[in-house]
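Asks: One structure, as structure tokens, below. Some questions next.
There are 2 protein chains.
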Amino acid sequence: MRIAELSRQTGVPVPTIKYYLREGLLPAGELTSPNQARYDDRHVQRLRLVRVLLDIGRLPIATIRHLLVALDEPDPDVHNVLGQALPMAVGGKDSVDPEVVQAARTRVDKLVDERMWMVGRNAPARQAAAEVLAAFEQVGADVGVLLDQYADVAETIAAHDLDFVGRARDAEGMLYYAVVGSILGDTLLAALRRMTQEHESAKKFGIRGDDC
Amino acid sequence: MRIAELSRQTGVPVPTIKYYLREGLLPAGELTSPNQARYDDRHVQRLRLVRVLLDIGRLPIATIRHLLVALDEPDPDVHNVLGQALPMAVGGKDSVDPEVVQAARTRVDKLVDERMWMVGRNAPARQAAAEVLAAFEQVGADVGVLLDQYADVAETIAAHDLDFVGRARDAEGMLYYAVVGSILGDTLLAALRRMTQEHESAKKFGIRGDDC
Numbered sequence: 225m226r227i228a229e230l231s232r233q234t235g236v237p238v239p240t241i242k243y244y245l246r247e248g249l250l251p252a253g254e255l256t257s258p259n260q261a262r263y264d265d266r267h268v269q270r271l272r273l274v275r276v277l278l279d280i281g282r283l284p285i286a287t288i289r290h291l292l293v294a295l296d297e298p299d300p301d302v303h304n305v306l307g308q309a310l311p312m313a314v315g316g317k318d319s320v321d322p323e324v325v326q327a328a329r330t331r332v333d334k335l336v337d338e339r340m341w342m343v344g345r346n347a348p349a350r351q352a353a354a355e356v357l358a359a360f361e362q363v364g365a366d367v368g369v370l371l372d373q374y375a376d377v378a379e380t381i382a383a384h385d386l387d388f389v390g391r392a393r394d395a396e397g398m399l400y401y402a403v404v405g406s407i408l409g410d411t412l413l414a415a416l417r418r419m420t421q422e423h424e425s426a427k428k429f430g431i432r433g434d435d436c
Numbered sequence: 225m226r227i228a229e230l231s232r233q234t235g236v237p238v239p240t241i242k243y244y245l246r247e248g249l250l251p252a253g254e255l256t257s258p259n260q261a262r263y264d265d266r267h268v269q270r271l272r273l274v275r276v277l278l279d280i281g282r283l284p285i286a287t288i289r290h291l292l293v294a295l296d297e298p299d300p301d302v303h304n305v306l307g308q309a310l311p312m313a314v315g316g317k318d319s320v321d322p323e324v325v326q327a328a329r330t331r332v333d334k335l336v337d338e339r340m341w342m343v344g345r346n347a348p349a350r351q352a353a354a355e356v357l358a359a360f361e362q363v364g365a366d367v368g369v370l371l372d373q374y375a376d377v378a379e380t381i382a383a384h385d386l387d388f389v390g391r392a393r394d395a396e397g398m399l400y401y402a403v404v405g406s407i408l409g410d411t412l413l414a415a416l417r418r419m420t421q422e423h424e425s426a427k428k429f430g431i432r433g434d435d436c
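Residue numbers (the numbering used here), protein chains in the order written: chain Z, 225 to 436; chain F, 225 to 436.
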């Protein structure tokens, strides 16, 4: 199909598609003349993925490019790439004191060791967790008990996530499901969590939003 | 303290503090002369909160202003405000087909009814969940089983979150903990989830990141 048809099928404007092509978020079409390229269903699928990662995952363009490169590689380090997509692992945050982050990192490493999680020493998620722990401390909230409870919950979630990935048809599909499930799953979980928080509040304090 | 001292204590540059004051993220100091104001420890604390919500929570300025107004009000609708802080509830997303979102919304409402969650009919989290479900569908991933598993997990998380809030000293502190815990908690959970995903992958497929 021509670029106009790709635009029609996906609802993405032609100039935006051209921008994604330039940014390497979308592989080039097959050239049929010096000025024209042909696109196929894989472009449609890839374009939809880019849009939801931008819109729902709120990922920066550079992070999406990383993820897509990983999807296309024969032997990708998916965990490392997905870790880099975490909100915090995008460079030093000056909102938290580096010394506080360092102490939090020690705490995270201890948690991983105690739970015997097989997680790379340099996994971005370790640093991301340390930064958010430091942020809790910075605003004066004691997160000790919560950390352990969340770690329990995370173990359950990951088991579900692996089942989800296992429902893909083939190896390529599994990688695709891993990316989609990780990024969109964060948001799904956050939305469900808001609802259950409201429910728990209503039970405990009788605080309610609008009419249930 | 003067604005220079506020800057020193928090590490936030003076021009940035002035910007936050103009944007209503920080309450005005007490005027000591036409050109000078005095700030106190509440400004220090508020400034730290703004920074972590921006940096770690990655919230837009307008959302943070909403949250802070809620924190300052005598009888705030916290759930509604926290729901609006969800990644998706920031206006219609053109990456997902409105009809698909509508169908997903029906599914979310059914889930809430079946689980007898006390959640406002117009809670932003309902729509947020519907949009992310629609996004899963849009990229061809079947999320049916996962949704139910995540709903179970969310119930556990919310119970922990309420315990966390209950550890605050007073009513004002509880509200503060609710905001901090909700926003930073999403990121903490995401980071822990990446680690447990890596661990589960390593167990199941022998896939590992760098040396454990």
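Glycine included, C-beta positions come from ideal geometry on N, C-alpha and C.
Considering only residues of the stretch 270 to 297 of chain Z, which uninterrupted alpha helix (DSSP H) runs meet the minimum length of 4 residues and lie entirely inside it, listed in chain order?
Replies: Whole alpha helix (DSSP H) segments, 4+ residues: 285 to 296.
Asks: Please work out which residues of its chain come closer than 7 Å, Cβ to Cβ, to threonine 234 of chain F, disregarding the five sequence neighbours upstream and downstream, and give them in chain order.
Replies: Val268, Leu271, Arg272
Asks: By the three-class DSSP mapping on this structure, what secondary structure does glycine 315 of chain F have?
Replies: Its pLDDT being 46, under 50, glycine 315 of chain F is placed unreliably in this model, and the value from its coordinates should be taken loosely. Note: glycine 315 of chain F maps to coil in three-state DSSP.
Asks: Is leucine 255 of chain Z helix, strand or coil by DSSP?
Replies: strand
Asks: Between which two residues does the alpha helix (DSSP H) holding arginine 331 of chain Z run?
Replies: 322 to 338
Asks: Helix or strand or just coil, what does DSSP make of alanine 347 of chain F?
Replies: coil
Asks: Any C-beta of chain B sitting closer than 7 Å to the C-beta of serine 231 of chain F?
Replies: Any reference to chain B falls outside this structure, whose protein chains are Z and F.
Asks: Residues of the stretch 410 to 428 of chain Z with a CB closer than 8 Å to any CB of chain F: list them in chain order, please.
Replies: Asp410, Thr411, Leu412, Leu413, Ala414, Ala415, Leu416, Arg417, Arg418, Met419, Thr420, Gln421, Glu422, His423, Glu424, Ser425, Ala426, Lys427, Lys428
Asks: Between glycine 315 of chain Z and the rest of its own chain, which residues show a CB-CB distance below 6 Å, the 5 nearest in sequence each way excluded?
Replies: The pLDDT assigned to glycine 315 of chain Z is 47, lower than 50, so where the model puts this residue is not dependable, and the model offers no usable value.
Asks: Please classify methionine 340 of chain F as buried or exposed, where buried requires at least 16 neighbouring CB atoms within 10 angstroms.
Replies: exposed
Asks: Would you identify the three-state DSSP class for arginine 262 of chain Z, choosing helix, strand or coil?
Replies: strand
Asks: DSSP state of glycine 235 of chain F, grouped into three classes?
Replies: The answer is coil: DSSP assigns glycine 235 of chain F none of H, G, I, E or B.
Asks: Hey, would you say threonine 420 of chain Z sits closer than 7 Å to alanine 382 of chain F, going by beta carbons?
Replies: yes
Asks: If you follow the alpha helix (DSSP H) that leucine 249 of chain Z is part of, which residue opens it and which one closes it?
Replies: From DSSP, leucine 249 of chain Z is part of no alpha helix (DSSP H); its letter is neither H nor E.
Asks: Am I right that valine 403 of chain F and leucine 306 of chain F are in contact with their C-beta atoms under 8 Å? What's the rounded C-beta distance?
Replies: Distance from valine 403 of chain F to leucine 306 of chain F at the Cβ level is roughly 7 Å; contact confirmed, criterion being Cβ atoms closer than 8 Å.
Asks: Note down, in chain order, every chain F residue with its Cβ under 7 Å from the Cβ of glutamine 373 of chain Z.
Replies: Here the neighbours are His384.
Asks: Just to confirm my understanding: we take valine 324 of chain Z, look at its own chain, exclude 5 residues before and 5 after, and list those with CB closer than 8 Å. What are they?
Replies: Ala358, Glu361, Gln362
Asks: Could you tell me the distance, in whole angstroms, from the CA atom of aspartate 279 of chain F to the CA atom of serine 319 of chain Z?
Replies: 7 Å
Asks: Note down, in chain order, each residue of its chain lying with its Cβ closer than 6 Å to the Cβ of alanine 392 of chain F, except the 5 sequence neighbours on either side.
Replies: Met398, Tyr401
Asks: Please classify valine 377 of chain Z: does DSSP put it in a helix, a strand, or coil?
Replies: DSSP, read as helix, strand or coil, puts valine 377 of chain Z in helix.
Asks: Using only the alpha-carbon positions, how far apart do valine 377 of chain Z and valine 238 of chain F sit?
Replies: Rounded to whole angstroms, valine 377 of chain Z to valine 238 of chain F spans 41 Å at the Cα level.
Asks: Go ahead and pull the three-state DSSP assignment for methionine 342 of chain F.
Replies: coil
Asks: Name the chain F residues whose beta carbon is nearer than 8 Å to that of alanine 378 of chain Z?
Replies: Leu413, Leu416, Arg417, Met419, Thr420
Asks: Applying the 10 Å Cβ sphere with the 16-neighbour rule, what's the burial state of arginine 345 of chain Z?
Replies: exposed
Asks: Under three-state DSSP, which class holds glycine 368 of chain Z?
Replies: If DSSP states are grouped into helix, strand and coil, glycine 368 of chain Z belongs with the helices.
Asks: Give the interface partners of glutamate 355 of chain F over in chain Z, defined as CB-CB distance under 7 Å, in chain order.
Replies: Ile280
Asks: Is the shortest distance between the beta-carbon of arginine 275 of chain F and the beta-carbons of chain Z less than 7 Å?
Replies: Taking Cβ atoms only, chain Z reaches closer than 7 Å to arginine 275 of chain F, which makes this a yes.
Asks: Grab me the residues of glycine 390 of chain Z's own chain with a C-beta within less than 8 Å of its C-beta, minus the 5 sequence neighbours each way, in chain order.
Replies: Met398
Asks: Do alanine 426 of chain Z and alanine 353 of chain F have their beta-carbon atoms positioned less than 7 Å apart in this structure?
Replies: In this structure, alanine 426 of chain Z does not lie closer than 7 Å to alanine 353 of chain F by Cβ.
Asks: Are the C-beta atoms of isoleucine 381 of chain Z and some chain F residue less than 7 Å apart?
Replies: yes
Asks: Report the three-state DSSP secondary structure of valine 363 of chain F (helix, strand or coil).
Replies: The answer is coil: DSSP assigns valine 363 of chain F none of H, G, I, E or B.
Asks: Grab the span of the alpha helix (DSSP H) containing methionine 398 of chain F for me, first residue to last.
Replies: 395 to 429
Asks: Can a CB atom of chain Z be found closer than 7 Å to the CB of methionine 398 of chain F?
Replies: Cβ-Cβ to chain Z under 7 Å: no for methionine 398 of chain F.
Asks: Just tell me which of F:Leu371, F:Ala347, F:Glu297 has its CA closest to the CA of aspartate 387 of chain Z.
Replies: F:Leu371
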